[in-house]
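K.L.:
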Amino acid sequence: MTKKCLGCGALFQMEDPKKAGFIEKENFDKAVICKRCFRIKNYGDYEVINKNIKDYEKIFDEISKRRDLILFLCDIFTLDESLNYINKLSGKVILVITKKDLLPKSVKEYKLINYIKKNYNLNIVDIIFVSSNKNYNIDLLYNLVNKRKVSNNVYLVGNTNAGKSTLINALIKSYGKNDSFITTSSLPATTIDLIEVKLNDGLTLIDTPGLVSPNNYLTNLSLKEVKKILPKVEIKPRTYQMKPNQSLLIGDYARIDYLSDEKNSFTIYLSNNISINRINLNTNDKLRNLKLTSFDLKCNKDVVINGLCFCKITKPAKVNIYTKDNVNVFERNNLI
Numbered sequence: 000m001t002k003k004c005l006g007c008g009a010l011f012q013m014e015d016p017k018k019a020g021f022i023e024k025e026n027f028d029k030a031v032i033c034k035r036c037f038r039i040k041n042y043g044d045y046e047v048i049n050k051n052i053k054d055y056e057k058i059f060d061e062i063s064k065r066r067d068l069i070l071f072l073c074d075i076f077t078l079d080e081s082l083n084y085i086n087k088l089s090g091k092v093i094l095v096i097t098k099k100d101l102l103p104k105s106v107k108e109y110k111l112i113n114y115i116k117k118n119y120n121l122n123i124v125d126i127i128f129v130s131s132n133k134n135y136n137i138d139l140l141y142n143l144v145n146k147r148k149v150s151n152n153v154y155l156v157g158n159t160n161a162g163k164s165t166l167i168n169a170l171i172k173s174y175g176k177n178d179s180f181i182t183t184s185s186l187p188a189t190t191i192d193l194i195e196v197k198l199n200d201g202l203t204l205i206d207t208p209g210l211v212s213p214n215n216y217l218t219n220l221s222l223k224e225v226k227k228i229l230p231k232v233e234i235k236p237r238t239y240q241m242k243p244n245q246s247l248l249i250g251d252y253a254r255i256d257y258l259s260d261e262k263n264s265f266t267i268y269l270s271n272n273i274s275i276n277r278i279n280l281n282t283n284d285k286l287r288n289l290k291l292t293s294f295d296l297k298c299n300k301d302v303v304i305n306g307l308c309f310c311k312i313t314k315p316a317k318v319n320i321y322t323k324d325n326v327n328v329f330e331r332n333n334l335i
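This is how it looks when you write it as structure tokens:
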């Protein structure tokens with residue numbers, strides 16, 4: 000008899016503790032989640048499961064062939080080139096921007112929607128902002144899904160940490176006929192395989208493994224550090240009037256050197272738990288041993304440190320950014 004873990008979707012197996020779905024033989028009959036999910040849920044432990052990228056590609060190819068409705072989830076802080084993955088999917092796609100509650104309340108949704116439409120050429124039928132933790136727009140999303148669905152099956156796709164499992168749990172709480180919740184974690188690759196959740200007689204949600212970005216800070220840190228970096232409450236933007244030869248230290252994670260000759264304004268959108276210190280560029284070399292990325296920015300640009308923060312800069316600026324080796328740093332038009 001085969002059984003699937005209700006937490007991560009992996010098939011139960013009793014042979015290898017280092018592989019997905021491991022469960023002790025004596026617990027097989029009564030268990031509903033694997034040992035890994037049990038430890039994530041009860042102790043905050045995390046074990047990396049090595050899964051071949053071809054396994055993920057196979058899953059997403061199958062999703063595209065079925066042409067069902069797809070919810071593509073994206074964290075509001077990681078609007079980047081990963082959005083272009085949407086155009087590889089067949090069928091109707093709703094772009095769901097998660098964690099809206101973390102942005103300042105002054106940020107208007109219609110402006111963000113206009114930004115996405117202007118900067119990304121996406122094949123989507125709708126855009127909606129949600130917050131699973133605050134239950135924001137969950138009813139609106141549910142109604143939209145029922146309006147747009149092709150069959151009873153609706154797939155959730157997106158990067159790790161986009162909040163797919165958390166959103167499903169929020170929908171289960173509001174509309175489900177059972178209370179079998181999916182395992183969630185701050186670390187990537189919590190979901191291993193497809194998880195089908197029959198919400199009710201008219202809708203089955205199918206969670207998918209998160210698209211793992213190796214160039215994201217969250218993929219390169221311990222659970223303790225990830226919890227520190229991920230915002231949990233509405234962030235408070237921090238603005239610095241930068242003079243020539245000044246730098247900003249963002250915790251122990253990144254450094255921004257300002258190299259231009261005129262004053263400028265830098266606004267950092269970052270977890271409230273991480274400190275920022277302004278220092279003298281010429282007399283303090285802290286974090287200069289990290290990877291260097293240089294920019295010659297025009298007006299109204301953001302510099303995004305993937306998985307950590309973004310910095311809104313209003314005037315033209317030459318900057319040096321120092322980060323961990325595997326982290327992607329890029330510029331974009333001002334999001335806010």
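So that you can map any letter, position 251 of the sequence shown is 250 in numbering that gives the first Met the number 0, and since no number is skipped, the others follow by simple counting.
We put the beta carbon where it would ideally sit given N, CA and C, even for glycine.
Everything numeric in this text was worked out from a predicted model, so none of it was measured.
1. Whose C-beta lies closer than 8 Å to the C-beta of THR1 among residues of the same chain, with five residues either side of it excluded?
2. If CYS308 sits next to ILE267, beta carbons under 8 Å apart, how far is it from one beta carbon to the other, in whole angstroms?
3. Output the distance between the C-alpha atoms of ASN152 and ASN333, rounded to the nearest integer angstrom.
4. So ASP295 and LYS317 are in contact, right, with Cβ under 8 Å, and what is the actual spacing, rounded?
5. Locate the alpha helix (DSSP H) running through ILE85, then write down its first and last residues.
6. Can the beta-carbon of LYS176 be found closer than 9 Å to that of LYS197?
7. ASP206 by DSSP, collapsed to three states: which one?
8. So if DSSP puts THR238 in a beta bridge, which residue, or which two residues, is it bridged to?
9. Given a cut-off of 9 Å, decide if ILE96 and ILE123 are closer than it, judged by their beta-carbon atoms.
10. Would you mind giving the Cβ-Cβ distance between ASN288 and SER246, rounded to the nearest angstrom? I have them listed as a contact below 8 Å.
11. Could you have a look at VAL95 and say whether DSSP puts it in helix, strand or coil?
12. Apart from the five residues on each side of it in sequence, which residues of its chain come closer than 8 Å, Cβ to Cβ, to GLU233?
13. I'd like the list of long-range same chain contacts for LYS91, defined as Cβ closer than 6 Å, with 5 residues on each side in sequence excluded.
14. Going along the chain, which residues of its own chain have a beta-carbon closer than 6 Å to the beta-carbon of SER270, five neighbours each way excluded?
15. In or out: LYS163 buried (at least 16 other Cβ within 10 Å) or exposed?
16. Can you tell me whether ASN49 is helix, strand or coil according to DSSP?
17. Determine which residues share a DSSP beta bridge with GLY250 and list them.
18. Please state the DSSP three-state secondary structure of LYS197.
19. Do the segment 60-74 and the segment 317-331 make contact, defined as three or more Cβ pairs closer than 8 Å?
20. Where does TYR321 sit, in a helix, a strand or coil, going by DSSP?
21. Just the Cα atoms here: how many angstroms apart are CYS33 and ASN134?
22. Would you report the Cα separation of LEU70 and PHE37, rounded to the nearest angstrom?
P.N.:
So, from the listed chains and residues:
1. Cβ contact annotation for THR1 (same chain, cutoff 8 Å, sequence separation greater than five): LEU10, PHE11, in chain order.
2. That pair is a contact at about 6 Å.
3. 37 Å
4. 5 Å
5. Counting along the chain, ILE85 falls outside any alpha helix (DSSP H), and DSSP gives it neither H nor E.
6. The answer is yes: Cβ separation under 9 Å.
7. strand
8. THR266
9. Contact: no.
10. Not confirmed; about 14 Å, so no contact.
11. strand
12. ASP100, LEU101, LEU102, PRO103, LYS104
13. LEU68, VAL124, ARG147
14. ILE228, PRO230
15. buried
16. Confidence at ASN49 is low in this model, with a pLDDT of 48, below 50, so the placement of that residue is unreliable and no value is reported for it.
17. In DSSP, GLY250 forms no bridge with anything.
18. strand
19. Put simply, the segment 60-74 does not touch the segment 317-331. Fewer than three CB pairs are less than 8 Å apart.
20. strand
21. 28 Å
22. Approximately 27 Å, taken between the alpha carbons.
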